[in-house]
Amino acid sequence: MITPRFDVSQDDLNVYVNVKATALRSADVELDVTDNLLVFHYAPYYLRLRFPGDLVGDDVKASYNLSTSVLAIVAPKKTPGEHFADLDLHTKLLARVNEPATKPKTSLIAEVDAMDPLDRLKQIYEETEEFNWELDQSLPVDDEDTLRPKAQYGFNNSYSEYYQLQEDTITTLADAESSTPQSRRAQRIESENAKFDLDYFLADTNDTETIDPFLSYVPPITQQFLDWETSQDAHHLPAYQFTEAEKLQMQALPKKQYLLDDIKSTYICLAPILFGYAYDVRTTFNEPTVESAWTIGRLAPNVSALDNMFHTVKDMKIATTRRAIIYPLYRSLDLVEKCWEDVYAILRGGRRRILSVLLAVRDRFAWHDVRYVYNKILFDDYASWIQSASDNVLRSLAHEIKHCKVSSKELGLALEQRPD
Numbered sequence: 044m045i046t047p048r049f050d051v052s053q054d055d056l057n058v059y060v061n062v063k064a065t066a067l068r069s070a071d072v073e074l075d076v077t078d079n080l081l082v083f084h085y086a087p088y089y090l091r092l093r094f095p096g097d098l099v100g101d102d103v104k105a106s107y108n109l110s111t112s113v114l115a116i117v118a119p120k121k122t123p124g125e126h127f128a129d130l131d132l133h134t135k136l137l138a139r140v141n142e143p144a145t146k147p148k149t150s151l152i153a154e155v156d157a158m159d160p161l162d163r164l165k166q167i168y169e170e171t172e173e174f175n176w177e178l179d180q181s182l183p184v185d186d187e188d189t190l191r192p193k194a195q196y197g198f199n200n201s202y203s204e205y206y207q208l209q210e211d212t213i214t215t216l217a218d219a220e221s222s223t224p225q226s227r228r229a230q231r232i233e234s235e236n237a238k239f240d241l242d243y244f245l246a247d248t249n250d251t252e253t254i255d256p257f258l259s260y261v262p263p264i265t266q267q268f269l270d271w272e273t274s275q276d277a278h279h280l281p282a283y284q285f286t287e288a289e290k291l292q293m294q295a296l297p298k299k300q301y302l303l304d305d306i307k308s309t310y311i312c313l314a315p316i317l318f319g320y321a322y323d324v325r326t327t328f329n330e331p332t333v334e335s336a337w338t339i340g341r342l343a344p345n346v347s348a349l350d351n352m353f354h355t356v357k358d359m360k361i362a363t364t365r366r367a368i369i370y371p372l373y374r375s376l377d378l379v380e381k382c383w384e385d386v387y388a389i390l391r392g393g394r395r396r397i398l399s400v401l402l403a404v405r406d407r408f409a410w411h412d413v414r415y416v417y418n419k420i421l422f423d424d425y426a427s428w429i430q431s432a433s434d435n436v437l438r439s440l441a442h443e444i445k446h447c448k449v450s451s452k453e454l455g456l457a458l459e460q461r462p463d
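Just add 43 to wherever you are in the sequence shown, counting from 1, and you've got the numbering used here.
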């Protein structure tokens, strides 16, 4: 069956679903609305949408426009005036009954702003207090890994055997399929230390003519955040509007239930991916190249080294910064700081802006005959999971990254010639 292209909107009384399907015959169309579930079927098309609230199935209306091949469905809300959250996050609407519900466990920003201020502060506190970004957690013991029949890596350590027949120029691992979290970290650090070139780093540090244009450039997503931050309405960040291409990508994402082993680490490991994207955007002036996937992947330790064993923001930031002055074409701590500022802006933009970045990263990896595996083991899941992530936790992570400082000494490289 084919999932057709669709769009969803709402007002106080109705939900509007526009489905793109060619050459429909009304006699063969199956349209059923029961409680919060809408199902459309016309071979070979099948669409099942699960909404945050209930609809009135008996009063659903539909009309088909032959010239545009769009079936317009109007479904009344059971409770007039109820706001259905996240209708633009198509992956959530497509979730199956045993997948994450479209009703989030905690309210989102659009709903929080309507709360009583004291209730809002209480909710934010309860949601973020478990995320002590600097509290280190105990690492898994080696015995756990010896009991595993094969290596586990990728999102939530859920994947294996993706490297058996692949030769990848991004990974720095000698043998991913026989690795453990501990061995991957050890290999990463060893490879970084062997690759670091102090002369190269110092040359770029002093080459202001080359580096300064990257420092002065402001990427569009950062400029949007800066414009909002200095606007008159700085408490209400405008919702990101997805493009048609992004909507199609969302519909192709996995519809999974994510029972995370370490939700804190999952949030933290989002940052290196955003950093790799930010670096690529700055150094190409937002004009991606054939090397963009390599750049993003090589800078993110949870991509090229499959090292996702980060339990503090400081640990993650040290590892990512090290790679940014070891592997890419331009190696400058000033450039690194600008990229972290971009990461802050992206995280402060919330789930939708983060999702747009993840979809852009996913697209850069999709067209390579080997590197597409990173979509399968990491980026697809991150793009799907982020739609149910907490905006409050993401905001907390953004502030932690902004205020977490990494000294030259903490990088563990010979940077004594450069003062902090």
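Note that beta-carbon positions come from the ideal geometry of N, C-alpha and C, so glycine has one too. Just so you know, these numbers come straight off a predicted model, no measurement behind them.
Whole-number beta carbon distance between residue j and residue i, since they are thought to touch under 8 Å
i      : j      : result
Tyr89  : Val72  : Not confirmed; about 12 Å, so no contact.
Leu402 : Pro371 : At roughly 23 Å, the Cβ-Cβ gap does not stay under 8 Å, so Leu402 and Pro371 are not in contact.
Leu98  : Leu136 : Not quite, the Cβ-Cβ distance comes to about 13 Å (not below 8 Å), so this is no contact.
Arg474 : Phe257 : In the structure as shown, the chain starts at 44 and stops at 463, and residue 474 therefore has no counterpart that could be examined.
Tyr202 : Gln195 : 7 Å
Phe285 : Asp131 : 6 Å
Thr265 : Asp385 : 5 Å
Val103 : Val76  : 5 Å
Phe328 : Tyr260 : 6 Å
Ile339 : Val404 : 6 Å
Gly100 : Leu421 : Contact doesn't hold; Cβ gap of about 39 Å is too wide.
Between the CA atoms of residue j and residue i - distance to the nearest angstrom
i      : j      : result
Asp412 : Thr134 : 26 Å
Ser52  : Ala295 : 20 Å
Asn435 : Ala70  : 48 Å
Asn236 : Ala217 : 16 Å
Lys238 : Ile369 : 6 Å
Asp358 : Ala367 : 15 Å
Leu208 : Lys419 : Since pLDDT at Leu208 reaches only 49, below the 50 mark, its modelled position is unreliable, and the value read off the structure follows with that caveat. Answer to the nearest angstrom: the Cα atoms are 15 Å apart.
Ser431 : Ser450 : 34 Å
Pro47  : Ser112 : 11 Å
Tyr322 : Glu330 : 12 Å
Lys298 : Ser427 : 7 Å
Trp410 : Val333 : 10 Å
Val82  : Pro119 : 15 Å
Cys447 : Val356 : 7 Å
Leu67  : Val58  : 22 Å
Val60  : Phe94  : 11 Å
Glu380 : Thr248 : 13 Å
Phe408 : Trp337 : 9 Å
Val184 : Tyr301 : Confidence in Val184 is poor, its pLDDT being 47 and thus under 50, which makes the residue's placement unreliable; the coordinate value appears in the next sentence. So the two alpha carbons sit approximately 24 Å from each other.
Ala64  : Trp271 : 38 Å
Ile232 : Asp255 : 29 Å
His126 : Leu440 : 28 Å
Met352 : Gly96  : 38 Å
Leu214 : Arg227 : Looking at the sequence shown, residue 214 is not Leu but Thr. Taking the straight line from one Cα to the other gives about 11 Å.
Glu443 : Lys121 : 42 Å
Ala219 : Arg414 : 15 Å
Asp424 : Leu313 : 11 Å
Phe105 : Asp50  : Sequence inspection shows Ala at residue 105; the Phe mentioned does not correspond to that position. Cα-Cα distance, rounded: 14 Å.
Thr251 : Leu376 : 12 Å
Ala464 : Ile306 : Residue 464 cannot be examined here, being either before or after the span of the chain that is shown, 44 to 463.
Contact with chain C by residue i, beta-carbon distance below 8 Å
i      : result
Ala229 : Absent from the structure is chain C; it holds one protein chain and no more.
Classification of residue i by the beta-carbon crowding that lies within 10 angstroms, buried from 16 upward
i      : result
Ser110 : exposed
Ile116 : buried
Trp383 : buried
Lys452 : exposed
Arg395 : buried
Asn200 : buried
Gln292 : buried
Gly124 : exposed
Ser433 : buried
Leu56  : exposed
Ile45  : exposed
Ser335 : buried
Pro87  : exposed
Asp304 : exposed
Pro263 : exposed
Ala282 : exposed
Leu269 : exposed
**OP:** Counting only runs of 4+ residues fully inside the segment 224-293, write out the alpha helix (DSSP H) ranges in chain order.
**Re:** 224-238, 241-249, 251-259, 263-272
Subject >> Within the segment 63-99, ranges of the beta strand (DSSP E) (whole runs, at least 3 residues) >> reply: 73-77, 80-85, 88-93
**OP:** Please go through the segment 402-457 and give each complete alpha helix (DSSP H) segment of 4 or more residues, from N-terminal end onward.
**Re:** 423-428, 434-446
Original post:
Taking one C-beta from the segment 345-355 and one from the segment 382-402 each time, how about it: are there three or more such pairs within less than 8 Å?
Top reply: no
Original post:
Does the count of Cβ pairs from the segment 447-460 and the segment 236-245 closer than 8 Å reach three?
Top reply: yes
**OP:** State whether the segment 317-336 contacts the segment 377-396, with contact taken as three or more CB pairs (one from each stretch) at a distance under 8 Å.
**Re:** yes
Original post:
Which residue spans inside the segment 303-356 form an unbroken alpha helix (DSSP H) run of at least 4?
Top reply: 306-311, 313-327, 335-342, 344-347
Original post:
Taking only runs of the beta strand (DSSP E) that begin and end inside the segment 95-126, which ones reach a length of at least 3 residues, in chain order?
Top reply: 104-108, 113-119
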